[in-house]
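**Q** Using our numbering, read the sequence shown as starting at -9 and increasing by one per residue.
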Amino acid sequence: MNVSRFTKFTFVLAIVALIAGLSACDQLNQLFPPPEMEGLPDEILIGVVVDETGANATGYGIPMKKGFELARDHINNSGMLGDSQLKLIVKDDMSSRETTVDVVDQLINQYGVSVITGFAVSSQLEQVTQTAQDSGVVLFSSVSSAPVLEGRGNFTFRSGLNSSLLNPPLVQATHERFGYETAATIYLDGDTYSRLSDEAFRAALDMNGVNVATTEAYPAGDYDAAVTRISELNPDALFISTLTGDIPEIMKKARDLMPSVYLIVPELTDIEVAAGAGDASEGTVTSIGWFIEKDTPGNAAFIQSYTEANNGEEPVAWAAQSYATLRILAAAIANTQSIEATAIQGALADTMDFTTILGNFSFDEVGDAVYDPILLTVQNGEFVLFE
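Here you go:
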């Protein structure tokens, strides 16, 4: 791989990303002449697996799709892939593991894609990692954050920070600030992300000398009994690991039974989710990979472009991570001037300190993202930095 060429290209892409949202996309080619591209087809097919209609559509799938579509438009209008254009083949996973398997098979065997992105839920991504490895197809999740994925090989990448990076700083910072002595944890039983996030919390709590009074695994849709059992032990802090849809109700139940408990919830990315808990969300602390006020190159331009494209709706982290994911992928394709999965895999694996709206972005040795997490707290119904 030509590292020098990749570094120069990274610098140009960073500037393009900054300008894209501040000026009309059709001006980008005038500012940055398209690079000479050889061997790329006129149309580059990218598989996208998101939830458009299932239980996770509002919380994850729709924002992800909007982020991907905005990145596609910026990339295609910038000329960074020469005359080639990205085409997204979007498939609805309907929040189903079985459907995820089916649509991935379809994208590989019917459409012949070399890259598939999307994948909000780790337990769904986990179902297809072995298929991707065996087929030699790159999976690039923009949201999945469980620390470990079964069947994973070197063709699976993720741009969202995993729980082993998000949760320990959250424990350390809140413990230093609040000085809690006992804690309880709760997670969604049967969900890979929730279980492994809980494990990361308990390990971090142990390292910080905090006694974990109990850990509750609740069955889908039935958290009341678990929260009630936790309240009987009266812990100082409660760590909640679950999918977006259950978070507000668990927070309200916990505050109702334990008014003074500290609530810590990783990846609480949307203030509207917190708002669903009403006053119960006040003081909740979270750790995420992107924040609307993050001062990174191109972030203000991204927010402006996204808001204009979506009738005044501001982006959430899942949209930002998906936008960054497609730009990272496009850079790999441009650098290798190839749509072969093995070439893209190699370029992604070598990504180091790439400038994105998430910050300086790198992949670790297993293909997981490395950049700085952000700690936030809910104050007067808004997210503010947890200093």
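A virtual CB, placed ideally from N, CA and C, is assigned to each residue, including glycine. Since this is a predicted model, take the numbers as computed values, not measurements.
Nearest to F130 by alpha carbon, out of S149, Q96 and E257?
**A** Taking the sequence shown and counting its residues from 1, the one referred to as residue 130 is at position 140. Comparing Cα positions, the closest option is S149.
**Q** For L97, does the count of other Cβ atoms within 10 angstroms reach 16, so buried, or fall short, so exposed?
**A** Translated into positions along the sequence shown, residue 97 becomes position 107. Result: buried.
**Q** Just mark T175 as buried or exposed, buried being the case when its beta carbon has 16 or more other beta carbons within 10 Å.
**A** Locating residue 175 in the sequence shown gives position 185, where the first residue counts as 1. Buried, by the Cβ-count rule.
**Q** Leaving out five residues on either side along the sequence, give the residues of the same chain with a beta carbon under 6 angstroms from the beta carbon of K55.
**A** Taking the sequence shown and counting its residues from 1, one reaches residue 55 at position 65. The answer, listed in chain order, is V40.
**Q** If we cut at 8 angstroms on Cβ distances, does E88 have a partner in chain D?
**A** Protein chains in the displayed structure number just one, and chain D is not present.
**Q** So, helix, strand or coil for K284, using DSSP?
**A** What you label residue 284 is simply residue 294 of the sequence shown in a count that begins at 1. K284 falls in the coil class under three-state DSSP.
**Q** Going by the DSSP bridge assignment, what does T164 pair with across the sheet?
**A** The count along the sequence shown starts at 1 and reaches residue 164 at position 174. Looking at the DSSP assignment, T164 forms no beta bridge with any residue, so it has no partner.
**Q** By Cβ distance, which residues of its chain are closer than 6 angstroms to S113, with the 5 residues on each side in sequence left out?
**A** Looking up residue 113 in the sequence shown gives position 123. Excluding residues within five positions, the ones whose Cβ falls inside 6 angstroms are D181 and T182.
**Q** Taking buried to mean at least 16 other C-beta atoms within 10 Å of its own C-beta, is D358 buried or exposed?
**A** Numbered from its first residue, the sequence shown carries residue 358 at position 368. Classification of D358: buried, given that the 10 Å Cβ count is 16 or more.
**Q** Measuring only the C-alpha atoms, how far is T315 from A264?
**A** The count along the sequence shown starts at 1 and reaches residue 315 at position 325. The count along the sequence shown starts at 1 and reaches residue 264 at position 274. So the alpha carbons of these two residues sit roughly 26 angstroms apart.
**Q** Specify the secondary structure class of V356 as computed by DSSP and reduced to three states.
**A** Mapped onto the sequence shown, residue 356 falls at position 366. In this structure, V356 counts as coil in the three-state DSSP scheme.
**Q** Where in the segment 245 to 270 do unbroken runs of the alpha helix (DSSP H), each at least 4 residues long, occur, reported from the N-terminal end onward?
**A** 261 to 265
**Q** Relative to the alpha-carbon of D179, which residue among G211, M241, D95 and K243 has its alpha-carbon at the smallest distance?
**A** One-based indexing of the sequence shown puts residue 179 at position 189. Comparing Cα positions, the closest option is G211.
**Q** Would you kindly work out how many angstroms separate the C-alpha atoms of L35 and F58, rounded to a whole number?
**A** The residue labelled residue 35 in the question sits at position 45 within the sequence shown. The residue labelled residue 58 in the question sits at position 68 within the sequence shown. One C-alpha to the other measures close to 13 angstroms.
**Q** Determine, using beta carbons only, whether P256 and S153 come nearer to each other than 8 angstroms.
**A** Reading the sequence shown from its first residue, position 266 is the one you call residue 256. Reading the sequence shown from its first residue, position 163 is the one you call residue 153. Their beta carbons are under 8 angstroms apart, which means P256 touches S153 by this criterion.
**Q** Can you name the residues that DSSP bridges to V275?
**A** Sequence index remark: in the sequence shown, residue 275 carries index 285 (1-based). Paired residue(s): I254 and T367.
**Q** Which whole-angstrom value describes the C-beta separation of P363 and L156, a residue pair presumed to lie in contact below a C-beta threshold of 8 angstroms?
**A** Position 373 of the sequence shown, counting from 1, holds the residue named residue 363. Position 166 of the sequence shown, counting from 1, holds the residue named residue 156. The Cβ separation is near 5 angstroms, so the contact holds.
**Q** What three-state label does DSSP hand R185 in the structure shown?
**A** Taking the first residue of the sequence shown as position 1, residue 185 is located at position 195. It is helical.
**Q** Whose C-alpha, out of A244, F229, T286 and F373, is nearest the C-alpha of D343?
**A** Here residue 343 refers to the residue found at position 353 when the sequence shown is read from its first residue. Nearest of A244, F229, T286 and F373 to D343, Cα basis: T286.
**Q** Is V91 helix, strand or coil when you go by DSSP?
**A** As a working mapping, residue 91 is identified with position 101 in the sequence shown. Three-state result, V91: helix.
**Q** Enumerate, from N- to C-terminal direction, the unbroken alpha helix (DSSP H) stretches of 4 or more residues contained entirely within the segment 111 to 157.
**A** Assignment of alpha helix (DSSP H) within the segment 111 to 157, counting only whole runs of 4 or more residues, yields 112 to 115 and 119 to 125 in chain order.
**Q** The beta strand (DSSP E) with I106 in it runs from where to where?
**A** Numbered from its first residue, the sequence shown carries residue 106 at position 116. Taken as a continuous stretch (DSSP letters only), the beta strand (DSSP E) holding I106 covers V105 to G108.
**Q** By the 10 Å Cβ neighbour count, where 16 or more other Cβ atoms means buried, how is N46 classified, buried or exposed?
**A** Position 56 of the sequence shown, counted from the first residue, corresponds to residue 46. Looking at its Cβ environment, which holds 16 or more other Cβ atoms inside 10 Å, N46 is buried.
**Q** Taking the alpha-carbon of L366 as reference, which of S277, L30 and S184 has the nearest alpha-carbon?
**A** As a first step, residue 366 is located in the sequence shown; it is residue number 376 there, counting from the start. Nearest C-alpha to L366: S277.
**Q** Look up Q96 in the DSSP assignment and say whether it is helix, strand or coil.
**A** Here the question's residue 96 lines up with position 106 in the sequence shown. It is helical.
**Q** Name the DSSP beta bridge partners of V374, please?
**A** Taking the first residue of the sequence shown as 1, we reach residue 374 at position 384. Partner(s): T367.
**Q** Mind pulling the alpha helix (DSSP H) runs of 4 or more residues that sit fully within the segment 282 to 343?
**A** With a minimum length of 4 residues, the continuous alpha helix (DSSP H) runs that stay inside the segment 282 to 343 are 289 to 299, 307 to 326 and 331 to 339.
**Q** Can you tell which of E372, L151 and V103 has its C-alpha closest to the C-alpha of W308?
**A** Your numbering for residue 308 matches position 318 in the sequence shown. Here the closest residue by C-alpha is L151.
**Q** Taking only three categories from DSSP, how would you classify E171?
**A** In the sequence shown, counting from the first residue as 1, residue 171 sits at position 181. Three-state DSSP puts E171 in coil, outside helix and strand.
**Q** Taking DSSP as the reference, what is the three-state secondary structure of T232?
**A** Locating residue 232 in the sequence shown gives position 242, counting from the first residue. T232: coil per DSSP, three-state reduction.
**Q** Based on DSSP bridge pairs, tell me the residues matched to G37.
**A** For the purposes of this step, residue 37 is identified with residue 47 of the sequence shown, where counting begins at 1. In DSSP, G37 forms a bridge with I79 and I106.
**Q** If we count Cβ pairs, one from each stretch, closer than 8 angstroms, do we get three or more for the segment 264 to 274 versus the segment 243 to 256?
**A** Yes, they touch.
**Q** On the DSSP bridge assignment, give the partners of I176 in chain order.
**A** Here residue 176 is taken as the residue at index 186 of the sequence shown, counted from 1. Its beta-bridge partners are E206 and I230.
**Q** If you check the beta carbons only, do I318 and F351 fall under 8 angstroms apart?
**A** For the purposes of this step, residue 318 is identified with residue 328 of the sequence shown, where counting begins at 1. For the purposes of this step, residue 351 is identified with residue 361 of the sequence shown, where counting begins at 1. Taking 8 angstroms as the Cβ cut-off, I318 and F351 qualify as a contacting pair.
**Q** With a threshold of 8 angstroms, are at least 3 pairs of Cβ atoms found where one atom belongs to the segment 193 to 201 and the other to the segment 130 to 149?
**A** Using a C-beta cut-off of 8 angstroms, the segment 193 to 201 makes no contact with the segment 130 to 149, since fewer than three inter-stretch Cβ pairs fall below that distance.
**Q** S231 to D63, Cα distance in whole Å?
**A** Indexing the sequence shown from 1 puts residue 231 at position 241. Indexing the sequence shown from 1 puts residue 63 at position 73. Each residue's Cα considered, the two are about 35 angstroms apart.
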